[in-house]
Each structure stands twice: as C-alpha cells, then as structure tokens.
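Have a look at the structure below before the remarks.
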Amino acid sequence: MIQIKGAVKFPITLDSTTWIFDDRKVQIEDLENGVFDGTKPIAFDDNREWNRAILEGQTNPPTLNSEIKYKKRAVLENSFVINMTPFFKNAELQDTASAIRLFNHEASIEVPIDLLPYLFFQFAKDGKRLYDDNAVDSFVYIPDEGYSYQFKYVTHIEVI
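Numbering (the working numbering), first residue to last: 25 to 184.
Written out as structure tokens, the structure reads:
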C-alpha cells in the first residue's frame, strides 16, 4: 500500500495490486507510442444495436472467448504502467502544492507538480508484480523528451 499525503485535501492509499484490472493501465510499449490512458470511448453509432449487444452479448462474428484469452495472456506476459493524474485529482491537491516527493527506504525525489500529467507508476513487468510488498517504480515520460525522474521502489508519496 502506498499513501499519498501532505498538501492534499484527502490523503488516500493506493493499492497497486488492483491496477491490473484498471482499464486506465497501458503497456509500456503503448506509452512510448503516445497512449497515456487505456480507456476507450463507447461508440453510440447505432443505439439499437449497441443496446442489443449490451443486453444479449451479441457479436458478429463471435469473439468473446478469443478476447478473454487474449486479455488473460496479455496480463500474464506484459509490462504495465498507470498514469497518476486521476489519483492525485481524487486526493485534491492544495493550491500551495508545488511538487510531489516520492520516497523509498533510502532516498526521495521531487517531481515538479507541472509534470503530474506525465507521471507514471510501473507496477508489473513481464506479467508479474515488481515487488513482493507491492511497491512500484516511477518515472516521468514526455513523448518528445523521453524518460526522466526515474525512481525505484516507491513506498509512499508526499505532496509538498
């Protein structure tokens, strides 16, 4: 469990073990291709067909079993990251917040608050969690600039 505390209205605790089920996760390869969020919009091109598919689970051709197998395989084989912006939005940063300080057992690093949209936590590598105690690695990824502020084994977070 990783706590976000400090200059926030609501201190929250993050559980990295649940992120594997979070649609906002992305594969590292996709991140490097400009995909920052794994959610997909729902298309409403034909309301009648969309409703029918929801109610009856209809697909033409049937693909549900293949999709489930692919998703299971992807979860067991790939490396995943998640953008931290929604979590800090839920914690509600105070107006005075200027940086995010990430800690491990030995050191800390400060990430400027304006880089929050580019702050990611890696929680899985090759389908396995990074650490037995569910700590994560962090980095800032800006598409034109690459990786920066890389930090291993984040145990807690303080907004300053």
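All C-beta atoms, glycine included, are put in the ideal place defined by N, C-alpha and C.
Assigned exposure category for residue i - 16 Cβ within 10 Å defines buried
i: Phe45; result: exposed
i: Tyr171; result: exposed
i: Ser162; result: buried
i: Ala159; result: buried
i: Asn114; result: exposed
i: Asn57; result: exposed
i: Val59; result: exposed
Contacting residues, own chain, Cβ-Cβ under 8 Å from residue i (five flanking each side not counted)
i: Lys29; result: Pro35, His180, Ile181, Glu182 and Val183
i: Arg153; result: Ser40, Thr41 and Phe147
i: Thr37; result: Met25, Ile26, Gln27 and Ile28
DSSP bridge partner residues for residue i (one or two, in chain order)
i: Ile137; result: According to DSSP, Ile137 bridges with nothing at all.
i: Val32; result: Leu117
i: Ser132; result: Phe127
i: Gln174; result: Paired residues: none, contrary to the question.
i: Ser162; result: Phe145 and Phe175
i: Lys152; result: Lys149
i: Leu55; result: DSSP output for Leu55 lists no bridge partner at all.
i: Thr109; result: None; Thr109 has no bridge partner.
i: Phe104; result: Gln51 and Ala148
C-alpha gap between residue i and residue j, whole angstroms
i: Ala148; j: Val105; result: 7 Å
i: Gly62; j: Lys49; result: 5 Å
i: Glu116; j: Ile166; result: 23 Å
i: Ile26; j: Asp47; result: 20 Å
i: Phe127; j: Gly151; result: 25 Å
i: His129; j: Val178; result: 8 Å
Beta-carbon contacts of residue i that lie in its chain and below 7 Å, excluding the five residues immediately before and after
i: Gln51; result: Asn102, Ser103 and Phe104
Nonlocal neighbours in the same chain, by C-beta distance under 6 Å from residue i, ignoring five residues either side
i: Pro141; result: Thr109
i: Phe175; result: Leu126, Ile133 and Ser162
i: Lys33; result: Glu116
i: Pro136; result: Ala123
Near the ligand ADP: residue i beta-carbon under 7 Å from a heavy atom
i: Thr179; result: In the structure shown, the ligand ADP is absent, as is every other ligand, since no ligand is present at all.
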